[in-house]
Structures are given as C-alpha cells and as structure tokens.
Amino acid sequence: MKKVLLVEDEAIIALSTKKMLEKTGLFEVSILDNGPAAISFLKQQPPQIILMDIKIVGVLDGIETMHEIRKFSQVPVIYLTGNSDPRARVRAKATGNSDFLTKPVEISDLLQSISILLDLQ
Amino acid sequence: MKVILNIWNFISSIGQNAGILEPEQKRLKITNQLNFVALIFYLIFNTVFLVFDIHLIQFDYYLTGLLFVAVFVLNLKQKFISARLLLCISLYWGLVNIIILYGKTLEANLLLFPVMLVPFFIFDMTRTRLIFAMLLMPFLFFIFGSLSGLFTLEAYAVKVDNIEWVQRMIQISSVIAFSIVIYFFVRSNQSSEQAMESKNTLLQQQIQTIFENSSDALMIIDNKNGQISDANQFSVELFDCLSKDSLIGKKVSHLMKNKLSDVELQSYRERFIQEKSMSGEVEFTSFKGTTFWGEVKLKHIETKQLSYQLVRIADITQRKKQEALMQDSIREKEILIDEIHHRVKNNLAIVSSLLHLQSGKINDTGLLEVFEESRRRIQSIALIHEKLYHFESVEMIDFGEYLESLTTTIHAAFSTNNSGVDIRCNLQEVHLKLHQAIPCALILNELISLLCKQSVQKGNGIEIRVSLTKANAQICINIEQNNSTSISLNSELSDDSLEITLVHALVNQLNGKFVQKNDVGMHYELTFEV
C-alpha cells in the first residue's frame, strides 16, 4: 500500500478522489485542506506521493506549499486544478518532480500519472 | 459722372466670373481698363484726323480699332491670354502708326516706355517667356520698318496740312498715356506690396496668437546649444514658473523627473538627427516640485535663416491616471472572470465527485453505466469552461481544439476495457460562442459515446472519424464509423432513448439539422448556422 497525501479543500472532491484511489487497493490516502498542515504532516509521516490542489484556502496556495516542502523533501507531486492556467502550469513545473491534471480527474489519468512519477523515483 | 463711373465699372468687369482666382481677376480688370483707355485715345485721334482732314494710313487705323474691340470680345469669351496678347499687339501697332505720323522718332519713342510696361502687369509674372516676347515685339517692328523703309510719311504718301497741331496733340497724349500707365503700374505695385505686407503682419500676428494661446506647452529650442529660446504662456503655467524667462536658457531634459544619462541622451540625439522628429510620454517636474505626465512631440524645423526644434508638450496626467485606473479595473475583472470559471469548473467537479461517490454504493452494472454517462456529460461541460479559461475571449472557444480534447477524454473512458476504440479527428479551427458550444458539445458527447459504448458491448474494435468544417456561416460536423470496420453497429437512435431525447432537444436549441444514416456503418451529420 502506497501512502498518498491529498491536499484538497473541497471535501466532496477530496472524498471522491480518496474513494477512487482506495478502490484500486493500491493506496492509502490521507486528506488535508491547507498548506501549513500539509507541511507539518510531511515532516512527521512522509507519503510516497502528494496530490495537491492549486487553489486551496489559507495563506499558502498549492504551489507555494510545494516550494516550502521542497526545502526538505523531493516527494513527487501531482497538481490538481479546476482550470489548467498556463501561468500556473509554469509555476508548478518549477517545483520539480511533478505532473499536472485538471479536475474532474479520471481515475485512468490519475493512475497513469502516479505510475510515471513513482517509476521515476 | 455716375454714368461714366458705371461705364468704367462695366468695362472693367468684362469676362469676370466667380471661378477666376483673385490675382487673375485683377489682371483681367487692368487689361479691360487699359484696353478701354487705348480705345478712347484711338477715337480721339481719329476724330482729330477727320477734323483736320488728315488722310493718314486709314486702313491700319481701322484695323487697330477692330483689334481693341476684339480684346473685349476675347475677354468676354474667357480667352484671357489671347486677349492680352492682342492688346499688346494693338498698342504696338498703334504706336508704329503714331511714330510714322509724327515723323520724329525721338519724341514718339516717349510713348514706347509706357506701352512696354503694359506686359509686366497684365501677365502673370511667372510667364517670363511671354513677357519677354511682348517686349521684343516693338523692336522687331522697328527693325522691320527701318530695313524696309516703309515707316515714313513719304512711303505712305500721306498729305498732312496741319501737322504741327497733330504733333502737339501726340505730345500731350504721350504724357497722358505715360501718366495713366505709370499710375496703373504704381497702384498695382503699391497695392500688392501693401497686401503682402498686411498679409505678413496678419500671419505673424496669427502665428504669435496661436503660439501664445495654444492649450499645449510650446517651446522653441535653439539647435546650436539645445536650450529653450522661447516658450508660450501654457508652458509657464504647466511648469509652474513666474515667467517664460525661467524656462529660457534651460534644456528640456533638465525638466524631466528622471534625468537621462549621457548615453541615453546621445542615443536620443542620434535618433532625432535621423528621423527629424520624435514623440513619447515623459514625466516632468515643475518648478514647484510637483510632477506631471506630458506627451512630448519634438520636430526639427529648418528655414533659410533659422534652424530650430519645436517642442509640444500636452498635459496627459489625467489620462495617465485614468489609464492606470482602467488597467486596474481590467485586471480585477480578469481575476473575477478567472475565479468564476474556476468556481464553475470546481462545482462541476464536485457534482461529478458526488455521482462517483453515489455510484460506489451500486453493484448493478446497468445502473453504474447510467452514473458514468452522467459523469461524462458533466465532464464535457467542464471541458468547455476549461477552454474558455484559456481563450482570449470570455465568450468564444476554439471548438476544434475542444473537440480534440473531448474525443481524447471519451477515448480514455472507453479504452480501459481493451475495446480497441480508435477515434480519428479532422478538425478545422472554428470559434463558437458559449450558447452554441455547450449544446453542440453535449450532442457530440452523446453520439461518440454511443458508438464507443456499442463497440465495447460487442467486444470488437471500431474506428470513428470525426470531422468539423465551416463554410461561410455553416458549421458541419460528421461522425462516422469507418466502412472497413468488420462489425456493423446498429447505433440508430431509437425514439424512446434518452440519447435521442437529448440530441433532438439540443439540435432544436441550436436551430440545426441532424441526419443519421446506417448504410455500411453509422453516419451522423449535424449542421447549424453560427
């Protein structure tokens, strides 16, 4: 079972994504809804992959949170966003070891992306 | 007296009309007046000859009289140049006759001078060749006369009994003619000089008034030292100084808020030398320390005597403020639109997630398929909002690009079952508004999904071709099963299916036309006007 940290402030989307992944029997998903909590979580229980929403509540957005995480961890990240804004894509890519998917996310796309990133590890 | 004045005015106005320019009208008037004076002289002479029974060269004299009348006729017919040439010829011919009569060339030559002045003010001074030809004519007459010996009293065998009286009359008429011509000449010169002078003065006053009262700051810069040599009242007000003396002697670059480096100044100078003019928006500092924005236009002006630069500075501070406000407002609206798109797409993602969560509790495959279909419908709308977010217009999307993404999404949804579904697209770049894009997207989602679903159900591979074309305002979308596919799908929409209900409702919404054929393979055609 691979540990996944899902940072998503929309509870329904978070729950649906968690169910989607856990149904495969391959993942154990933890959900958080803001950047600072994700940073603390990562320091204590580092996951094998992060699913990060870009627009999240709080002082840090998804990309800013990843910049903070990158200071101590190179864990792969898949950004999930409502709209694939090209500027956001550029900013996200700069954090490294990442992929980018737009919501609503299809399980096939998500599994493919996770597989590619974990294979690179 | 009044009658004489009326006659004089009538004669002066022969041939005048509104279409003639002012200088030409003056020349026409002088031509008529001189011709009239010459005609009067001619009549007086002829009367004297009759009274004193002088049988002079009468044929020549009658001919000259006719020529004077012909001048008026030509002017009346608007043949002005011909009339002027004829006047000169008539005057010279009349002069020749007088010289013959007088018998003494020295006094008679007095008449030559006023007559020779005539061409100078009846012709346009730019017609130098014509004037020269007219001046040459009397000399040609004399050369011809001298060589032929024709211009003598003896040659004409004229009998003159009271020649002394006639000679006195000619002396008097010479003086009168000379006075008249000189009068015309002086008046013409004086009036044109006065007119020129008053025009120049008026022009100078007008230029000075425009310069001083311009609603832009105007400055004149000496090319030798680059310093301001004159400035208008608005410059004084704009730079908040006491008088123009505060500006005179300063350089415009010294008035700028951000001082230019020597390299920048040199670069601007070189550009100005090449282009002879420059313009730009510059922030200045007034003498009281306040700053303002100016639209600066610099123009190099070169005259015979002077070489200078004219600088115009328009105060655009308010415009700059408004532009900044407008930019802020546009930025705010862009953020708002982005946020709305994001919210719409996020909400659609929530609805899709809810359906997914709900479907997790269902074991019935038929019912699960219903949930999946609903999710795909939501996905197709969500995709529209994603494309809108990227496109520069807030209400148009590139539907070709959208269709490419939609087919990829549908293909991904059906390719998990190893169905062998292959979708090939041939899509033009077509821009659709949101109110047409959403129903069209839903129709295509229904049709492509239906073909894929049937292919999966039959467990065979299928190739679907999707084409999008636009001719004038007509959009045509074709979805067809490849003829070479071994299976034949019966994908005709039955009347009671949800798909047909949705497709027909959406085609009606588009005011379009939908045709389905099932020959070798299924073929759907959707057409509508944009």
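If you're matching them up, the sequences are chains D and A in order. In this text, residue positions in the first sequence follow this note's numbering: the first is 468, and each later residue adds one. In this text, residue positions in the second sequence follow this note's numbering: the first is 1081, and each later residue adds one. Note that the Cβ used here is the ideal one computed from N, Cα and C, for glycine as well.
Going by DSSP, D/PHE567 is part of the beta strand (DSSP E) stretching over 565 to 569. For D/ASP476, the closest C-alpha among the options D/LYS486, D/MET519, D/LEU509 is that of D/MET519. For the C-beta of D/THR569, the chain A residues within less than 7 Å are, from N- to C-terminus, GLU1466. Comparing alpha-carbon positions, the option among A/VAL1255, A/ASN1126, A/LEU1171, A/ILE1252 lying closest to A/LEU1215 turns out to be A/LEU1171. Residues of the stretch 570 to 581 of chain D with a C-beta less than 7 Å from any C-beta of chain A: LYS570, PRO571, GLU573, SER575, ASP576, listed in chain order.
A/LYS1377: member of the beta strand (DSSP E) spanning 1371 to 1382, first to last residue. Within the same chain, Cβ atoms closer than 6 Å to the Cβ of A/TYR1482 are found at LYS1467, the five residues on either side in sequence being excluded.
Excluding sequence positions up to five before and after A/ILE1353, its CB lies less than 7 Å from no other CB in the same chain.
In this structure, DSSP gives A/LEU1108 a helical state, which the three-state scheme calls helix. In this structure, the CA atom of D/VAL572 is about 22 Å from the CA atom of A/ILE1523. Taken through DSSP and simplified to helix, strand or coil, D/LEU472 comes out as strand. At the C-beta level, A/GLN1561 and A/ILE1580 stay beyond 8 Å of one another. Secondary structure of A/CYS1556 (DSSP, three-state): strand.
Contacts with chain A (Cβ-Cβ distance below 7 Å) from the stretch 511 to 537 of chain D involve LYS522, listed in chain order. Here D/ILE523 is buried: its Cβ has 16 or more other Cβ atoms, across all protein chains shown, within 10 Å. In chain order, MET1336, GLY1374, VAL1376 place their CB closer than 7 Å to the CB of A/VAL1362, counting only its own chain and leaving out the 5 sequence neighbours on each side. Per DSSP, reduced to three states, the secondary structure at D/GLU573 is coil, with no helix or strand assignment. In this structure, A/ILE1262 is the residue among A/ILE1301, A/ILE1262, A/TYR1122, A/SER1529 with its C-alpha nearest to the C-alpha of A/VAL1195. The Cβ of D/SER483 sits closer than 8 Å to at least one Cβ of chain A. Contact check for D/VAL474 against D/LEU499 passes: the beta carbons are separated by less than 8 Å. When the beta-carbon positions are compared, D/THR532 and D/GLY492 stay at least 8 Å from each other. Taking a contact as a CB-CB distance under 8 Å, the pair A/VAL1501 and A/SER1535 counts as one, their CB atoms being some 6 Å apart. Nearest to A/LEU1210 by C-alpha distance, out of A/ASN1427, A/GLN1459, A/LEU1165, is A/LEU1165. The three-state reading of DSSP puts A/CYS1321 in coil, since its state is none of H, G, I, E or B. Remark: C-beta atoms of A/GLN1589 and A/LEU1548 do not approach each other more closely than 8 Å.
Here A/ALA1297 is buried. Its C-beta has 16 or more other C-beta atoms within 10 Å. Taking C-beta atoms as the reference points, D/LEU585 and D/ASP566 fail to come closer than 8 Å. At least one CB of chain D lies nearer than 8 Å to the CB of A/SER1433. With its beta carbon at least 8 Å from every one in chain A, D/GLU495 lies outside the interface. Residue state for D/ARG537 is assigned as coil, using DSSP reduced to three classes. The beta carbon of A/ASN1506 sits closer than 8 Å to the beta carbons of ARG1545, VAL1546, SER1547, LEU1548 from its chain, once the five residues preceding and following it are set aside; these are given in chain order. Between the alpha carbons of A/THR1371 and D/LEU547 lies a gap of roughly 48 Å. Contact between the stretch 1307 to 1326 of chain A and the stretch 1282 to 1297 of chain A is present, with at least three C-beta pairs closer than 8 Å. Annotated three-state conformation of A/SER1547 is strand, per DSSP. Here the alpha carbon of A/VAL1583 sits roughly 21 Å from the alpha carbon of A/ASP1599.
For D/ASP552, the C-beta contacts it makes with chain A under 9 Å involve ASP1418, HIS1422, TYR1469, HIS1470, in order along the chain.
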